[in-house]
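Colleague:
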Amino acid sequence: MAKFSPNSLTFEIDGPRITAQRFRKGFNAFLQMADEVADSVAGKPHAVEWLLSVEPGSVRVHIAPEAIKIPPEKIPVAIDAIQTGLAALEVGDDIWPAHFSEKALEAAKTMGEVLSKSDGELSAVQVRYNGQTTKMSSRSIASVDQLLQGKYVDHGTVEGRIQVLSRRGKTSFSIDDDISGRNINCYFPGELWDDVLRSFDPKMDRRVSVSGLIQYRRNGTPINITVEEFRGLRPKSELPSWSDVLGILAE
Numbered sequence: 007m008a009k010f011s012p013n014s015l016t017f018e019i020d021g022p023r024i025t026a027q028r029f030r031k032g033f034n035a036f037l038q039m040a041d042e043v044a045d046s047v048a049g050k051p052h053a054v055e056w057l058l059s060v061e062p063g064s065v066r067v068h069i070a071p072e073a074i075k076i077p078p079e080k081i082p083v084a085i086d087a088i089q090t091g092l093a094a095l096e097v098g099d100d101i102w103p104a105h106f107s108e109k110a111l112e113a114a115k116t117m118g119e120v121l122s123k124s125d126g127e128l129s130a131v132q133v134r135y136n137g138q139t140t141k142m143s144s145r146s147i148a149s150v151d152q153l154l155q156g157k158y159v160d161h162g163t164v165e166g167r168i169q170v171l172s173r174r175g176k177t178s179f180s181i182d183d184d185i186s187g188r189n190i191n192c193y194f195p196g197e198l199w200d201d202v203l204r205s206f207d208p209k210m211d212r213r214v215s216v217s218g219l220i221q222y223r224r225n226g227t228p229i230n231i232t233v234e235e236f237r238g239l240r241p242k243s244e245l246p247s248w249s250d251v252l253g254i255l256a257e
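For the sequence shown, counting from 1, position 221 maps to 227 in the numbering used here; every step adds exactly one.
Structure representation (structure tokens):
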């Protein structure tokens, strides 16, 4: 059963009046946060499937990860990152938790709000792992607000591969950044559509370079970019090898 897994996380909510709405809001936020962290560790979306088990007579749910797109040896890393990150938010040390995306932080904030906005009808919203318990509170809310307020913008360039191309609303694409390994949303003017479309070929493993105004998180991780310049790069198969480079230098 999932609850006996050494990598099992436990979501628990206590109080004299636990409504279905409050439980659903808190548990959904917990799952979203867990998904975001696991995907960050794996570097791929939908990295795990969470297996559930419920203790009889309690409002306590255990979730255990089943590897889908993540190496099994990375699962403990993801689980530990979840517990460590939540604990850091409660301490309020003003450090962005490892593997926590902006969505993961927002989900953690929601978990804290479920308790703080319950008017005393809930006594605890907490997460357990490996004998450790992190109780969510208004401190997590304040920590997340502080971290997300730390965004800044600057001009720069990112390189990577286009993953998703969209014309819904603003013309945009997402790119897997070569340096951070994170997915970055890129908003570009319509006149660049044909250039972007020519570079959008997953089979060719084609990389692109985009420059413009980048919005960063407080820890320096890029979030999105308003594209001013776009350039398709040559695929790796067309790049010169080290022997080619050495041969050119020797001439």
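Using N, Cα and C, we set each Cβ at its ideal position, and we do this for glycine too.
For K9, name the three-state secondary structure that DSSP assigns.
Modeller: For the purposes of this step, residue 9 is taken as residue 3 along the sequence shown, with counting starting at 1. Low confidence applies to K9: its pLDDT is 42, below 50, so where it sits in the model is not reliable enough to give any reading.
Colleague: Here's the rule I'm using: 16 or more other beta-carbon atoms within 10 Å means buried, otherwise exposed. How should Y135 be labelled?
Modeller: Looking up residue 135 in the sequence shown gives position 129. Label assigned to Y135: buried.
Colleague: Per the contact definition of three or more C-beta pairs closer than 8 Å, is the region 144-152 in contact with the region 190-205?
Modeller: no
Colleague: Thinking C-alpha only, which one of D184, T25, T140, Q27 is nearest V97?
Modeller: Within the sequence shown, numbered from 1, the residue matching residue 97 stands at position 91. Comparing Cα-Cα distances from V97 to each of D184, T25, T140, Q27, the minimum goes to T140.
Colleague: Could you name the residues of the same chain whose beta carbon sits closer than 6 Å to that of D2, not counting the 5 residues immediately before and after it, in chain order?
Modeller: Here the chain has residues from 7 to 257 only, and residue 2 is not among them.
Colleague: Given a cut-off of 7 Å on the beta-carbon distance, is the pair T227 and G218 in contact?
Modeller: For this step, residue 227 is matched to residue 221 along the sequence shown. For this step, residue 218 is matched to residue 212 along the sequence shown. Not in contact: T227 and G218 (Cβ atoms no closer than 7 Å).
Colleague: Applying the criterion that 16 or more other CB atoms from any shown protein chain within 10 Å of the CB defines a buried residue, is D41 buried or exposed?
Modeller: Numbered from 1 along the sequence shown, position 35 holds the residue referred to as residue 41. The residue in question, D41, is buried, as its Cβ has 16 or more Cβ neighbours within 10 Å.
Colleague: Please report how far the alpha carbon of S122 lies from the alpha carbon of S129, in whole angstroms.
Modeller: As a working mapping, residue 122 is identified with position 116 in the sequence shown. As a working mapping, residue 129 is identified with position 123 in the sequence shown. For S122 and S129, the distance between alpha carbons rounds to 9 Å.
Colleague: List the whole-angstrom C-beta distance separating M39 from I88, where the pair is believed to meet the contact cut-off of C-beta under 8 Å.
Modeller: The residue labelled residue 39 in the question sits at position 33 within the sequence shown. The residue labelled residue 88 in the question sits at position 82 within the sequence shown. Confirmed, about 7 Å.
Colleague: Where does L154 sit, in a helix, a strand or coil, going by DSSP?
Modeller: Taking the first residue of the sequence shown as position 1, residue 154 is located at position 148. In the structure shown, L154 sits in a helix (DSSP, three-state: H, G or I).
Colleague: Taking C-alpha atoms, which residue in V65, G91, G49 lies nearest to I74?
Modeller: On the sequence shown, residue 74 is found 68 positions in, with the first residue counted as 1. The option with the nearest alpha carbon to I74 is G49.
Colleague: Just list the residues that DSSP pairs A70 with in beta bridges.
Modeller: As a position in the sequence shown, residue 70 is number 64, starting the count at 1. According to DSSP, which records beta bridges pairwise, A70 is partnered with L57.
Colleague: Rounded to a whole number of angstroms, what is the C-alpha to C-alpha distance between W102 and V47?
Modeller: Residue mapping note: residue 102 aligns to position 96 of the sequence shown, counting from 1. Residue mapping note: residue 47 aligns to position 41 of the sequence shown, counting from 1. Going by the C-alpha atoms only, they are around 15 Å apart.
Colleague: Only counting the same chain, and skipping five residues up and downstream in sequence, which positions put a Cβ closer than 8 Å to that of G91?
Modeller: Counting from 1 along the sequence shown, the entry for residue 91 is found at position 85. Same-chain partners within the cutoff: V43, P103, A104, H105, F106, A110, A114.
Colleague: Nearest-angstrom Cα distance between E1 and G21?
Modeller: This structure gives no information on residue 1, because the portion of the chain shown stretches from 7 to 257.
Colleague: What distance in whole Å lies between the Cβ atoms of S178 and C192, which are believed to be in contact at a cut-off of 8 Å?
Modeller: Sequence index remark: in the sequence shown, residue 192 carries index 186 (1-based). Sequence index remark: in the sequence shown, residue 178 carries index 172 (1-based). About 6 Å; that satisfies the 8 Å criterion.
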